[in-house]
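The structure appears right after this line, and notes come after that.
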Amino acid sequence: MLKRKSEPRVSLYSFYEKRIFPRLLDTAMRRLNEHRAETLSAARGDVLEIGFGTGLNLSYYPDGIRSLTAVDPLDDLPTGVAARVEGRVAEAPFPVERHTLSAEGVLPFEAGRFDTVSTTWTLCSIPDVSAALHEMHRVLAREGRLLFIEHGRSDAASVARWQDRLNPLQRIIGCGCNLNRAIDLLVRGAGFEITQLRRFVADRTPRILGSMYQGIARAA
Ligand SMILES: C[S@@+](CC[C@H](N)C(=O)[O-])C[C@H]1O[C@@H](n2cnc3c(N)ncnc32)[C@H](O)[C@@H]1O
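Here the sequence shown is numbered in my numbering, starting from 1 and rising by one per residue.
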């Protein structure tokens, strides 16, 4: 009997995750650009951005940023997307240092290292989001601020029920993105005090996806 040679197999899902999803991400996330400047307006000093994605926040930071350190496990981006990211980094008016790693583990930064931690539409996707938030709390200076905008659990019970039902599907399509996380509870649960919180539904977005939490928190 003929023996079949073992061949490296690339699953359809890993093709979607590595080749298609990053392109969709870069396009889809640009639709939310109108909310970035306002979210990031209180950023200052040394900034840690969790979930850098394709670098869409870079042009929305205010003046006076000393440095930006970015954390994201995303690597090996399709060539076109990678070139766009490099272009955004090159145009940033502050130094950008990128780390390809997950925010769930111990971050390679000393306690209190950053004046600002920012996260935009990322807390939905981090598997152990509580661990990641505790790390953000550890590396934030006592007087520092966590700036965030995230989609999450709706306050409307009927919408939240649909978010729970559709979450398993969303986790597949969105490569780990959850629809139903109560972002304010998670942020407080990691020891932050939320000093500003705006809840709204993004324009032109179904409520299951567009229920936003935009705010500022300090390390209480
Ligand atoms: C919806 S995208 C948002 C990207 C970017 N923040 C933006 O506003 O365009 C979610 C990002 O979270 C990142 N992410 C997923 N798991 C993560 C983890 N464990 N630690 C850090 N970032 C993570 C993804 O790679 C992706 O870049």
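Glycine is no exception: its CB is placed at the ideal position from the N, C-alpha and C atoms.
Bear in mind that the values here come from a model prediction, so they are computed numbers and not experimental data.
Exposed or buried, which one is residue i when buried takes at least 16 other CB atoms within 10 Å?
| i | result |
| --- | --- |
| residue 100 | exposed |
| residue 132 | buried |
| residue 208 | buried |
| residue 160 | buried |
| residue 33 | exposed |
| residue 149 | buried |
| residue 4 | Residue placement at residue 4 cannot be trusted, given a pLDDT of 48 that sits under 50; what the coordinates show is reported in the next sentence. Under this definition residue 4 is an exposed residue. |
| residue 217 | buried |
| residue 227 | Since the first residue of the chain shown is 1 and the last is 220, residue 227 is not available in this structure. |
| residue 12 | exposed |
| residue 118 | buried |
Determine the closest residue to residue i out of the options, with distance taken between C-alpha atoms.
| i | options | result |
| --- | --- | --- |
| residue 69 | 31, 22, 77 and 95 | 95 |
| residue 76 | 126, 53 and 155 | 53 |
| residue 212 | 48, 152, 36 and 118 | 152 |
| residue 184 | 210, 35 and 193 | 193 |
| residue 200 | 166, 190, 155 and 186 | 155 |
| residue 127 | 98, 72 and 22 | 72 |
| residue 135 | 123, 103, 142 and 20 | 103 |
| residue 204 | 175, 63, 31 and 20 | 31 |
| residue 197 | 39, 18 and 27 | 39 |
| residue 18 | 171, 181 and 175 | 175 |
| residue 24 | 65, 78, 62 and 49 | 78 |
| residue 65 | 80, 74 and 49 | 49 |
| residue 182 | 170, 137, 202 and 129 | 129 |
Relative to ligand 1, is the shortest distance from any of its heavy atoms to the C-beta of residue i smaller than 6 angstroms?
| i | result |
| --- | --- |
| residue 11 | no |
| residue 53 | yes |
| residue 29 | yes |
| residue 122 | yes |
| residue 150 | no |
| residue 73 | yes |
| residue 82 | no |
| residue 56 | yes |
| residue 208 | no |
| residue 118 | no |
| residue 130 | no |
| residue 125 | yes |
| residue 67 | no |
Could you round the C-beta distance between residue i and residue j to whole angstroms and report it? I think they count as a contact, below 8 angstroms.
| i | j | result |
| --- | --- | --- |
| residue 140 | residue 114 | 6 angstroms |
| residue 37 | residue 145 | With a Cβ gap of about 16 angstroms, residue 37 and residue 145 do not count as contacting. |
List in chain order: all unbroken beta strand (DSSP E) runs of 3+ residues lying wholly within the segment 179–203. 192–201
Fully enclosed by the segment 30–87, which alpha helix (DSSP H) runs are 4 residues long or longer? 36–40
Could you tell me which uninterrupted beta strand (DSSP E) segments, each at least 3 residues in length, are contained entirely in the segment 78–134, listed from first to last along the chain? 96–99 and 114–120
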